[in-house]
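Report on one structure; see the data block that follows.
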Amino acid sequence: MLKILTFLGTSEYCESTVCIGDFKKKHRIFPVVLAEYYRRTCPEKRLKMIFFLTAESKNHKNWKEYTEPYLKSSNICYEVEEISAEDTETLTAKQMMELIMELIKKMLKFVDKEDKIVLDTTHSFRNFSITAVVISLYLKEATNTDVEIFYGMYNADEKTTKGVDLTPIMEIAEWLHAARVFKEYGYSKFLGELVKKRNNSYYKDT
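Here the sequence shown stands for residues 7 to 212, where the numbers follow my numbering.
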């Protein structure tokens with residue numbers, strides 16, 4: 007199953023033309039368009055969205071008016087999981103780690119082995135994009151899932167939102183980890199798997 011893990015806040019989200027590759031659609035909520043994009047590009051996969059919302063965002067118009075009605079009318083399967091409303095900018099490093107671990111635990115409830123996971127960070131709390139890399143690596147290792155990371159970059163002047171694939175950042179972290187393991191322990195399995203994956207990707211594209 008393809009599962010989109012995403013967030014909504016209480017900021018003002020303006021309607022824009024969302025562009026993900028060649029796919030375009032007008033909407034103010036990026037993950038809604040992301041779901042439509044995957045329904046079009048991966049029609050063979052069942053799709054489910056999991057929204058991680060604070061108590062405030064669950065009762066905000068971004069969810070009540072702009073998101074939930076669309077999901078229902080479009081027959082998009084979804085679930086809602088409540089999360090704490092911590093201001094991440096005021097947290098200590100220890101508190102931030104505790105928040106990350108709590109979020110990972112909540113996410114793991116919805117992730118099954120062999121799922122394809124898309125982690126959308128567009129409307130998440132501040133500073134989450136980098137944290138998402140850590141979470142994605144954990145999910146990938148713990149559940150043997152294929153994980154992608156997306157972010158919707160809004161351009162106010164052009165009234166457009168470009169879907170940016172942040173997955174390569176996670177891949178860089180994987181290479182660094184594999185290189186470190188090889189350097190310190192002489193264990194080459196991780197590096198070998200990454201090289202094989204890169205070669206397969208290269209020959210697939212040529």
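Positions of the beta carbon are idealized from the N, C-alpha and C atoms, including for glycine. These numbers come from a predicted model, not from an experiment.
Next item on the list: Let me know the beta strand (DSSP E) ranges lying completely inside the segment 118-165, each 3 residues or longer, listed in chain order.
Entry: 122-126, 152-161
Item checked: Euclidean distance between Cα positions of Asn81 and Val38 -> If you number the sequence shown from 1, residue 81 lands on position 75. If you number the sequence shown from 1, residue 38 lands on position 32. Going from the Cα of Asn81 to the Cα of Val38 covers about 12 Å.
Next item on the list: Whole angstroms is fine: what's the gap from Val170's alpha carbon to Ile106's?
Entry: The count along the sequence shown starts at 1 and reaches residue 170 at position 164. The count along the sequence shown starts at 1 and reaches residue 106 at position 100. The straight-line gap from Cα to Cα measures roughly 23 Å.
Notebook entry, point to check: Does DSSP classify Leu172 as helix, strand or coil?
Noted result: Counting from 1 along the sequence shown, the entry for residue 172 is found at position 166. Correct three-state label for Leu172: coil.
Check: Cβ atoms of Asp126 and Phe156: under 9 Å apart, would you say?
Finding: Here residue 156 is taken as the residue at index 150 of the sequence shown, counted from 1. Here residue 126 is taken as the residue at index 120 of the sequence shown, counted from 1. Yes.
Item checked: Run of the beta strand (DSSP E) containing Met55, from where it starts to where it stops -> What you label residue 55 is simply residue 49 of the sequence shown in a count that begins at 1. Here the beta strand (DSSP E) through Met55 covers 53-59.
Item checked: Delimiting residues of the beta strand (DSSP E) encompassing Tyr72 -> Walking along the sequence shown from the start, residue 72 turns up at place 66. From DSSP, Tyr72 is part of no beta strand (DSSP E); its letter is neither H nor E.
Check: Between the beta-carbon of Ile123 and the beta-carbon of Leu11, is there less than 9 Å?
Finding: Taking the sequence shown and counting its residues from 1, the one referred to as residue 123 is at position 117. Taking the sequence shown and counting its residues from 1, the one referred to as residue 11 is at position 5. Using a Cβ distance threshold of 9 Å, Ile123 and Leu11 count as a contacting pair.
Next item on the list: Return the first residue and the last residue of the alpha helix (DSSP H) that Ile26 is part of.
Entry: On the sequence shown, residue 26 is found 20 positions in, with the first residue counted as 1. Where Ile26 is concerned, there is no enclosing alpha helix (DSSP H), although the beta strand (DSSP E) it sits in stretches over 22-26.
Next item on the list: Look at the Cβ atom of Arg34, then the Cβ atom of Cys83, and state whether they are nearer than 9 Å.
Entry: What you label residue 34 is simply residue 28 of the sequence shown in a count that begins at 1. What you label residue 83 is simply residue 77 of the sequence shown in a count that begins at 1. Against a cut-off of 9 Å, the Cβ pair of Cys83 and Arg34 comes out as no contact.
Note to self: On the DSSP bridge list, what partners appear for Ile10?
What the structure shows: For this step, residue 10 is matched to residue 4 along the sequence shown. Looking at the DSSP assignment, Ile10 forms a beta bridge with Met55, Val124.
Next item on the list: Could you give the DSSP three-state label for Glu42: helix, strand or coil?
Entry: Locating residue 42 in the sequence shown gives position 36, counting from the first residue. Three-state DSSP puts Glu42 in a helix.
Next item on the list: Taking 9 Å as the cut-off, decide whether the C-beta atoms of Ala61 and Glu88 are in contact.
Entry: For the purposes of this step, residue 61 is taken as residue 55 along the sequence shown, with counting starting at 1. For the purposes of this step, residue 88 is taken as residue 82 along the sequence shown, with counting starting at 1. Yes.
Next item on the list: Ignore the nearest five residues each way along the sequence and tell me which others in Cys48's own chain have a CB closer than 7 Å to its CB.
Entry: Taking the sequence shown and counting its residues from 1, one reaches residue 48 at position 42. Same-chain partners within the cutoff: Leu8.
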